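Under this note's numbering, think of the first position of the sequence shown as 136, with each following residue one higher.
Structure first, then comments.
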Amino acid sequence: MMAMVSVSLFLAITSAAYLMRNLVYQNIVDQKMTTAEILTASLVHDIKYEYDLKLDHQDGFKDIISKYITYYRIIESISIYDYEGVDIADSNPYNIGTIIQEREVIRAISLAKPSLRINRLDRNRLGIHSVFPILRGSKVVAAIDMHISIKDIETIMSAIDRRIMTTLIFTITAASVALFIISHRVILQRLSRLMEVTHQIAAGNYDIQVRDKFGDELGQLAKAFNHMTCELKKSKQEIEDYNQHLESKVQEATAQLNQAYEDLKNAQSQLVLNEKMACLGVLIAGIAHEINTPVGAIHNVARNLEQRVEAFPQALESFKKDQDVEADNNLVECFRELIKTSATDRQAASFQEIRAVENLLKEEGIAGWRKVAASLAQLNFTDLDKIRQFRHLFRSSSLFPLLESIGSIAQATKIVQTSSKKIEEIVRALKYYAYTDKDRVEKTQLNESINTALILLRNRLKHTVKIVAEFDPDLPEIPCTSEIHQIWTNLLNNACDAVEAMGEEWSGEIVIRTQRVADRIVVTITDNGIGIPEDKIGRIFDPFFTTKDIGKGTGLGLSIVSGIIKKHKGEIRVVESRRGHTVFEVSFPIEAKLLPESEQVLTAELNQPTEKREKTLNERRLCEPCLL
136 MMAMVSVSLF LAITSAAYLM RNLVYQNIVD QKMTTAEILT ASLVHDIKYE
186 YDLKLDHQDG FKDIISKYIT YYRIIESISI YDYEGVDIAD SNPYNIGTII
236 QEREVIRAIS LAKPSLRINR LDRNRLGIHS VFPILRGSKV VAAIDMHISI
286 KDIETIMSAI DRRIMTTLIF TITAASVALF IISHRVILQR LSRLMEVTHQ
336 IAAGNYDIQV RDKFGDELGQ LAKAFNHMTC ELKKSKQEIE DYNQHLESKV
386 QEATAQLNQA YEDLKNAQSQ LVLNEKMACL GVLIAGIAHE INTPVGAIHN
436 VARNLEQRVE AFPQALESFK KDQDVEADNN LVECFRELIK TSATDRQAAS
486 FQEIRAVENL LKEEGIAGWR KVAASLAQLN FTDLDKIRQF RHLFRSSSLF
536 PLLESIGSIA QATKIVQTSS KKIEEIVRAL KYYAYTDKDR VEKTQLNESI
586 NTALILLRNR LKHTVKIVAE FDPDLPEIPC TSEIHQIWTN LLNNACDAVE
636 AMGEEWSGEI VIRTQRVADR IVVTITDNGI GIPEDKIGRI FDPFFTTKDI
686 GKGTGLGLSI VSGIIKKHKG EIRVVESRRG HTVFEVSFPI EAKLLPESEQ
736 VLTAELNQPT EKREKTLNER RLCEPCLL
């Protein structure tokens with residue numbers, strides 16, 4: 136601050152001195168110009184009135200010039216020109232007779248205009264150049280050109296500069312000393328007291344006050360500082376009072392946050408459950424049909440089996456009483472072949488096969504050959520070589536019903552086994568999907584998980600699309616929770632919806648591919664459905680966002696899928712989407728911790744060999760209640 140004041144004072148004094156010097160210089164120059172005007176007027180008067188303008192008297196002009204050069208030492212030169220611009224008299228005789236070239240003289244002769252200005256006589260000297268026309272009446276008869284030296288101005292200004300510099304140095308020194316004394320007493324001491332009080336306040340002493348009796352800016356600053364100190368003291372007291380109650384408030388807020396967090400977790404779990412139940416509701420219709428079909432088959436086969444079992448003793452009794460049939464070792468072999476072919480999974484006999492059997496039986500002369508051929512075709516016994524081998528057994532009207540009963544029983548047994556296995560697969564898939572222990576982590580084979588989803592969606596898929604599964608059989612198991620199954624049901628349901636949106640005539644196809652890429656397992660699901668609009672791809676994983684029509688989607692499916700995948704340290708993305716081609720890619724790390732160690736629920740089964748672990752899991756699943 137002191138430096139700024141000193142600099143400002145120095146600039147002010149210097150500016151004042153510079154201005155004063157310029158004023159003195161201008162005053163001296165004005166005096167010299169006035170002197171030049173007077174000398175010029177006097178010279179003109181002498182020439183004009185003393186000699187009555189006898190311009191042809193060059194000696195008279197020479198005397199006048201000589202007088203002025205002698206009396207007035209400041210005059211450097213005098214020249215007199217006639218009206219034609221010829222030098223007729225000059226202080227320098229060598230210039231007499233020359234023609235003037237200076238513009239000022241020419242203007243004075245031609246226009247009768249005088250000129251008075253300062254010019255430089257040579258490099259080191261300044262002078263006044265005065266040009267004045269001599270008139271006779273209104274006619275210019277001659278002109279005077281006079282140069283006056285003002286070199287004494289430089290001497291005068293040098294003396295003035297020395298005096299100004301001395302005065303300036305003295306003034307600045309005195310002002311600086313006075314300023315230092317004033318600032319030290321009025322400013323620095325007060326600032327020092329203010330700094331000392333500041334340090335004490337920083338140390339925690341809020342009772343101290345700044346005492347300043349002046350009413351200037353520093354006095355106002357001291358008052359403001361005292362007010363700030365009072366406010367700080369008041370704020371400190373309020374903070375101390377608030378800190379006394381802060382712990383209870385923090386505990387209360389923490390309890391509220393914990394409750395809000397629990398409510399949020401419950402709401403999230405409820406949303407996931409709602410979405411699962413909504414998806415499960417879509418599956419129930421197809422599952423009911425899938426279960427109803429094998430159950431109906433079992434019921435019909437059981438009734439047929441019951442009838443066959445009831446009729447078997449009577450058929451056997453009739454066979455024993457039949458005298459036309461000889462005991463033949465081929466009978467047992469025929470029974471075995473009939474049981475074997477009846478229990479074989481194969482398509483129904485074609486019309487050509489039935490006609491060939493009929494022709495053979497007719498050629499062999501078997502009574503009721505058409506009915507016998509139909510029964511054999513129903514039992515899948517259409518091998519012509521076998522029929523020739525056992526043709527003599529088919530001739531007996533009492534033996535053939537026995538053979539037919541044996542074949543029907545074998546066929547019914549196969550149907551019961553197949554239907555029961557199908558029901559078991561559906562129930563197991565439902566149990567996997569509905570398994571609610573989402574925190575239990577188990578080693579899972581993703582191919583099996585996807586197959587579970589395909590079983591649940593089998594009824595819908597077989598009527599809508601063609602499924603192409605390209606599974607890597609050597610995929611390693613990864614740690615997963617039961618939530619992993621929900622990923623595939625949601626993605627496959629969405630793929631079905633996209634294919635159905637293309638219309639009934641569209642040939643839909645869904646390709647599921649699994650493979651290992653470096654340290655990750657990658658699953659891609661490709662469909663040839665309607666696709667996702669490009670401007671909506673970035674929002675499909677947002678909660679409650681759906682591209683489906685009202686009533687066909689909750690907007691939670693892909694959001695929940697994304698959450699489950701992130702929980703398993705995986706990633707999901709839309710690789711490509713356009714009409715007729717959409718690709719979803721899901722990837723999981725082969726080795727990853729799903730949860731913090733304190734929250735993981737890992738059983739000892741994870742460390743067991745695969746066969747033993749599968750046996751343990753199957754035993755536990757058999758003990759779980761069936762949803763149906």
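We treat Cβ as the ideally placed atom computed from N, Cα and C, and that holds for glycine.
Owing to the predicted nature of the structure, the values given are computational and were not obtained by experimental measurement.
Under 8 Å between C-beta atoms of residue i and residue j
i: L610; j: T649; result: yes
i: K578; j: E605; result: no
i: I241; j: G220; result: yes
i: I235; j: D225; result: no
i: L592; j: I656; result: no
i: A588; j: W641; result: no
i: S245; j: N227; result: no
i: L329; j: V345; result: yes
i: E499; j: R526; result: yes
i: F145; j: I285; result: no
i: I647; j: S712; result: no
i: I295; j: R156; result: yes
i: E239; j: V266; result: yes
i: I725; j: D670; result: no
i: I283; j: I209; result: yes
i: A512; j: L496; result: no
i: D165; j: Y216; result: no
i: Y203; j: V276; result: no
i: A630; j: D677; result: no
i: I665; j: A633; result: yes
For residue i, three-class secondary structure by DSSP
i: E172; result: helix
i: Y216; result: strand
i: L146; result: helix
i: P536; result: helix
i: T787; result: It is not possible to answer for residue 787, since the shown part of the chain is limited to 136 through 763.
i: I374; result: helix
i: F486; result: helix
i: P678; result: coil
i: P429; result: helix
i: Q344; result: coil
i: R298; result: helix
i: K704; result: coil
i: E577; result: strand
i: T333; result: helix
i: F315; result: helix
i: E99; result: Outside the shown range of the chain, which is 136 to 763, sits residue 99, and nothing can be said about it.
i: D670; result: helix
i: L514; result: coil
i: G664; result: coil
i: A338; result: coil
i: T364; result: helix
i: A547; result: helix
i: T476; result: helix
For residue j and residue i, believed in contact at Cβ under 8 Å, the rounded distance
i: A131; j: A278; result: Lying before the first or after the last residue shown, residue 131 is absent from the chain, which here runs from 136 to 763.
i: E644; j: V710; result: Not quite, the Cβ-Cβ distance comes to about 17 Å (not below 8 Å), so this is no contact.
i: R651; j: T616; result: With 8 Å as the limit, R651 and T616 do not qualify as a contact, their Cβ atoms being about 21 Å apart.
i: L514; j: T476; result: 7 Å
i: P429; j: I558; result: 5 Å
i: S722; j: G698; result: At roughly 16 Å, the Cβ-Cβ gap does not stay under 8 Å, so S722 and G698 are not in contact.
i: V696; j: N628; result: In fact, because the Cβ distance is near 11 Å, the residues do not count as touching under 8 Å.
i: A484; j: T517; result: 5 Å
i: L303; j: T170; result: Not confirmed; about 30 Å, so no contact.
Beta-bridge partners of residue i, as assigned by DSSP
i: S284; result: G262
i: R526; result: R526 is not bridged to any residue.
i: P724; result: R655
i: E711; result: V718
(message) Report the start-end ranges of each alpha helix (DSSP H) in the segment 194–282 that is 4 residues or longer and not cut off at the edges.
(response) 238–246
(message) I'd like the ranges of any beta strand (DSSP E) spanning at least 3 consecutive residues and lying wholly in the segment 588–659.
(response) 600–605, 613–615, 643–652
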